[in-house]
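In this note's numbering, the protein residues as written are 50 to 340.
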């Protein structure tokens with residue numbers, strides 16, 4: 050990989066197929082070769098500028114020859130009443146439209162080597178994208194940062210899920226799908242509309258299929274045939290099963306994966322950004338040094 054000092058940082062935006070305007074940050078390597086880009090998908094109620102590792106990635110990855118783009122999706126923040134987006138109202142399967150838009154943006158800019166990165170819920174979204182995505186055949190690798198099983202974790206740790214799901218379904222029957230459940234209905238941290246809650250946590254939801262560590266079988270993930278990097282901490286994580294077991298399952302289910310656990314590290318990699326970036330750089334150098 051080449052060192053590159055000419056890095057352009059710019060705010061960018063895309064329109065999704067269903068006409069949502071999404072924003073992001075592109076740290077672009079201005080060298081003509083390689084035309085390689087990492088597109089990051091944020092976690093629950095986060096955004097393109099909030100996650101702890103973003104600044105380090107934006108500074109360090111372009112130096113190796115990779116541009117990096119941090120993107121908002123329709124689950125950014127809790128709730129935006131202007132365009133009726135946010136984690137409180139998003140439908141999980143709509144992540145495909147958001148990722149389609151960002152990949153389409155990268156393709157139009159001439160990038161031919163595209164790596165999808167996802168943090169937390171974003172890791173579930175990019176695995177799901179392998180099943181439904183318009184541009185999946187353009188993806189050269191996945192980076193799973195703090196890979197999670199949101200569905201399994203909530204059913205295991207939140208005793209109110211079943212009651213809230215029943216309430217949500219009743220509201221939907223009454224044509225009140227936009228009505229919010231109680232303030233802490235989702236993971237004891239945020240509200241959810243009836244429609245969004247049922248979409249995420251119905252027993253056969255699309256989310257339940259993404260990274261279901263709790264099932265002991267990863268039927269979407271195990272069909273992915275590109276290099277995969279999975280990095281996770283050792284403090285509170287959302288794998289449902291013990292983290293070591295989750296990492297072993299990732300290895301068992303897909304021979305294309307490389308897994309790392311960072312010690313004394315939380316879900317957001319706080320204080321461990323330098324360790325994380327070293328792992329990511331080695332993965333990129335191992336798999337894409339010829340690009």
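Where a beta carbon is used, it is the ideal one built from N, C-alpha and C, also for glycine.
Given the structure is predicted, the values throughout are model-derived calculations rather than measurements.
Closest Cα partner of residue i within the set the options
i: residue 119; options: 92, 138 and 129; result: 92
i: residue 176; options: 157, 319, 145 and 163; result: 145
i: residue 223; options: 208, 205 and 244; result: 244
i: residue 276; options: 198, 292 and 300; result: 300
i: residue 325; options: 63, 57 and 110; result: 110
i: residue 62; options: 329, 273, 158 and 208; result: 158
Cβ-based neighbour list, residue i, same chain, cut-off 6 Å, excluding 5 preceding and 5 following
i: residue 241; result: 137, 230, 234 and 235
i: residue 97; result: 73, 74, 119, 120 and 121
i: residue 255; result: 141 and 142
i: residue 166; result: 87, 89 and 192
Under 9 Å between C-beta atoms of residue i and residue j
i: residue 310; j: residue 296; result: yes
i: residue 216; j: residue 251; result: no
i: residue 117; j: residue 86; result: yes
i: residue 184; j: residue 164; result: no
i: residue 287; j: residue 202; result: yes
i: residue 199; j: residue 249; result: yes
7 Å CB neighbourhood of residue i in its chain, flanking five on each side removed
i: residue 211; result: none
i: residue 57; result: 77 and 79
Residue i: first and last residue of the uninterrupted beta strand (DSSP E) it sits in
i: residue 19; result: Nothing about residue 19 can be reported from this structure: the residues present for the chain run from 50 to 340 only.
i: residue 281; result: 277-281
i: residue 62; result: 56-64
i: residue 192; result: 188-194
Spatial neighbours of residue i in its chain, beta-carbon cut-off 8 Å, leaving aside the 5 residues before and after
i: residue 65; result: 71, 123, 146, 147, 149 and 150
i: residue 135; result: 94, 123, 124, 125, 126, 127, 128 and 129
i: residue 283; result: 292, 310, 311, 312, 313 and 314
Where the alpha helix (DSSP H) containing residue i begins and where it ends
i: residue 221; result: 210-222
i: residue 319; result: Unbroken run through residue 319: none, as it is neither H nor E.
i: residue 206; result: 199-206
i: residue 244; result: 243-250
- Inside the segment 85-165 only - alpha helix (DSSP H) runs reaching at least 4 residues: 103-109 and 144-157
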